[in-house]
Amino acid sequence: FARQYDDMIKSVPLERILLETDAPYLAPVPHRGKRNEPLFVVEVAKKLAEIKNLPLEQVIEQTALNTRKLFSI
Numbered sequence: 024f025a026r027q028y029d030d031m032i033k034s035v036p037l038e039r040i041l042l043e044t045d046a047p048y049l050a051p052v053p054h055r056g057k058r059n060e061p062l063f064v065v066e067v068a069k070k071l072a073e074i075k076n077l078p079l080e081q082v083i084e085q086t087a088l089n090t091r092k093l094f095s096i
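One rule links them: number in our numbering = place in the sequence shown (from 1) + 23.
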């Protein structure tokens, strides 16, 4: 993950964030060198929780809600 984006990530409200992977390319650490899978979005959530100093469950729940709202599901 690129550290130069940490300040920007901290400034964006969690209610405005969606999670994604670059599947099938560029798997996140610790999966580098492997095929990227949508399942690895959990690694993205972990990093977001770390940067924003929030519980992982809060990040997962809120970003899932954000996704459902965006797609009206």
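Virtual Cβ for every residue (Gly too), placed ideally from N, Cα, C.
Just so you know, these numbers come straight off a predicted model, no measurement behind them.
Report the residue from the options whose alpha carbon sits nearest the alpha carbon of residue i.
| i | options | result |
| --- | --- | --- |
| Pro53 | Thr86, Val65, Ile74 | Val65 |
| Val35 | Ser95, Lys75, Ala50 | Lys75 |
| Leu88 | Leu42, Phe63, Glu73 | Leu42 |
In whole angstroms, what separates the C-alpha of residue i from that of residue j?
| i | j | result |
| --- | --- | --- |
| Glu38 | Asp30 | 17 Å |
| Leu93 | Gly56 | 32 Å |
| Leu79 | Leu49 | 22 Å |
| Ile83 | Ala68 | 6 Å |
| Arg91 | Gln81 | 15 Å |
Just checking my contact of residue i with residue j at CB under 8 Å: how many whole Å lie between their CB atoms?
| i | j | result |
| --- | --- | --- |
| Thr44 | Pro61 | 6 Å |
| Arg58 | Pro47 | 5 Å |
| Ile40 | Leu71 | 7 Å |
Ends of the alpha helix (DSSP H) at residue i?
| i | result |
| --- | --- |
| Phe94 | 79-94 |
| Ile32 | 29-34 |
| Ala72 | 64-75 |
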